[in-house]
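Here the structure is laid out as structure tokens; the discussion comes afterwards.
There are 2 protein chains.
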Amino acid sequence: MSAAPDLLFRTLADPTRRAIFERLCREGEQTVGALTARSGVSQPAVSKHLGALKQAGLVRDRHEGRQTHYSARPGALNPLIDWTGQMAGFWQRRLDALDDLLKRMDQ
Amino acid sequence: MSAAPDLLFRTLADPTRRAIFERLCREGEQTVGALTARSGVSQPAVSKHLGALKQAGLVRDRHEGRQTHYSARPGALNPLIDWTGQMAGFWQRRLDALDDLLKRMDQ
DNA sequence: GTAATCCATAACCAGGGAGTTATGAATAAA
DNA sequence: TTTATTCATAACTCCCTGGTTATGGATTAC
Numbered sequence: 568m569s570a571a572p573d574l575l576f577r578t579l580a581d582p583t584r585r586a587i588f589e590r591l592c593r594e595g596e597q598t599v600g601a602l603t604a605r606s607g608v609s610q611p612a613v614s615k616h617l618g619a620l621k622q623a624g625l626v627r628d629r630h631e632g633r634q635t636h637y638s639a640r641p642g643a644l645n646p647l648i649d650w651t652g653q654m655a656g657f658w659q660r661r662l663d664a665l666d667d668l669l670k671r672m673d674q
Numbered sequence: 568m569s570a571a572p573d574l575l576f577r578t579l580a581d582p583t584r585r586a587i588f589e590r591l592c593r594e595g596e597q598t599v600g601a602l603t604a605r606s607g608v609s610q611p612a613v614s615k616h617l618g619a620l621k622q623a624g625l626v627r628d629r630h631e632g633r634q635t636h637y638s639a640r641p642g643a644l645n646p647l648i649d650w651t652g653q654m655a656g657f658w659q660r661r662l663d664a665l666d667d668l669l670k671r672m673d674q
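Protein chains in written order, with this note's numbering: chain A, 568 to 674; chain B, 568 to 674.
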């Protein structure tokens with residue numbers, strides 16, 4: 568299971584791309600032009616990043632005339648949340664087991 | 568804030584490296600040799616990945632004789648959990664605001 | 001109809017990073 | 001002491017990707 572975390576990690580690893588995603592989360596729907604304005608990179612670069620984000624299921628696009636509006640997609644981060652939860656769970660479980668063992672040795 | 572998520576995302580983006588980290592989470596402390604055995608890559612590659620994981624604060628190492636034991640570091644994922652929580656919070660807040668607006672318009 | 005705007009795609013380039021083999025330092029075993 | 005084991009580092013290669021400029025299609029404005 569969990570081929571999903573792979574794509575998510577890879578997609579969010581790039582700072583520029585992650586910044587775009589963060590802006591969409593904070594400020595809601597934005598056009599490509601608006602995103603390009605404060606991204607520090609060219610418009611084609613932004614378009615490529617948006618393509619990657621879309622393919623990872625992190626954003627949606629909505630065409631309206633000659634401009635495209637992008638918005639963050641709630642729930643897309645769930646696999647990531649699940650993964651971190653699992654990892655945290657594993658060492659927690661081992662700590663519990665250790666705790667148990669110590670208690671039994673103590674008796 | 569949050570230079571930490573950047574390093575974490577970058578470090579966990581590589582599948583081989585993430586697999587090593589997962590094994591350390593699931594099965595606890597491991598030597599480099601043990602990790603290399605089922606990693607599918609050479610020992611130097613594993614060592615490099617472990618170096619990256621260590622630098623990101625994701626693992627600890629413990630030298631014992633001529634072998635080095637690595638273990639996952641609980642709490643290292645916290646910045647990641649915080650970040651996802653923030654992102655989820657943003658759109659949640661906007662949904663609430665929208666809900667509010669609709670309610671007021673309804674009255 | 002013509003000009004201007006918005007965006008996506010193509011083509012290309014450069015840097016980084018993940019992999020390899022070779023090697024050496026440190027420790028354990030003989 | 002000599003040999004074998006374990007790991008880290010160095011040096012190198014190759015590919016992937018994020019950036020660029022150039023361009024074109026679609027839409028809006030004049």
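No residue lacks a Cβ here, since even glycine has one placed at the ideal position from N, Cα and C.
Endpoints, the alpha helix (DSSP H) within which residue i is located
i	result
Asp628/A	Where Asp628/A is concerned, there is no enclosing alpha helix (DSSP H), although the beta strand (DSSP E) it sits in stretches over Val626 to Glu631.
Ser609/A	Taken as a continuous stretch (DSSP letters only), Ser609/A belongs to no alpha helix (DSSP H), as it is neither H nor E.
Ala655/A	Asn645 to Asp673
Ala571/A	Ala571 to Leu579
Rounded straight-line distance, which links the Cα of residue j to that of residue i
i	j	result
Tyr637/B	Thr583/B	16 Å
Arg640/A	Pro646/B	21 Å
Arg590/B	Met654/B	28 Å
Val599/A	Val608/B	41 Å
Leu617/B	Ile587/B	8 Å
Gln634/B	Gln659/B	49 Å
Ala623/B	Gly632/B	25 Å
Phe576/B	Arg627/B	18 Å
Gly656/A	Lys615/B	26 Å
Ser606/B	Leu668/B	54 Å
Ile648/B	Ala604/B	31 Å
Ala643/B	Leu579/B	12 Å
Contacts that residue i makes with chain A (C-beta to C-beta distance below 7 Å)
i	result
Thr651/B	Leu644, Leu647 and Ile648
Pro641/B	Trp658
Ala655/B	Leu644
Min CB distance residue i to chain B below 9 Å
i	result
Gln597/A	no
Ala580/A	yes
Gln622/A	no
Arg629/A	no
Arg633/A	no
Arg605/A	no
Leu617/A	no
Element boundaries [beta strand (DSSP E), containing residue i]
i	result
Ala586/B	Premise fails: Ala586/B lies in the alpha helix (DSSP H), Pro582 to Glu594, not in any beta strand (DSSP E).
Ala639/B	Gln634 to Ala639
Contacts of residue i in chain A (Cβ-Cβ under 9 Å)
i	result
Asp573/B	Ala580, Pro582 and Arg585
Residue-level contact to chain A via CB, residue i, 9 Å cutoff
i	result
Met672/B	no
Leu662/B	yes
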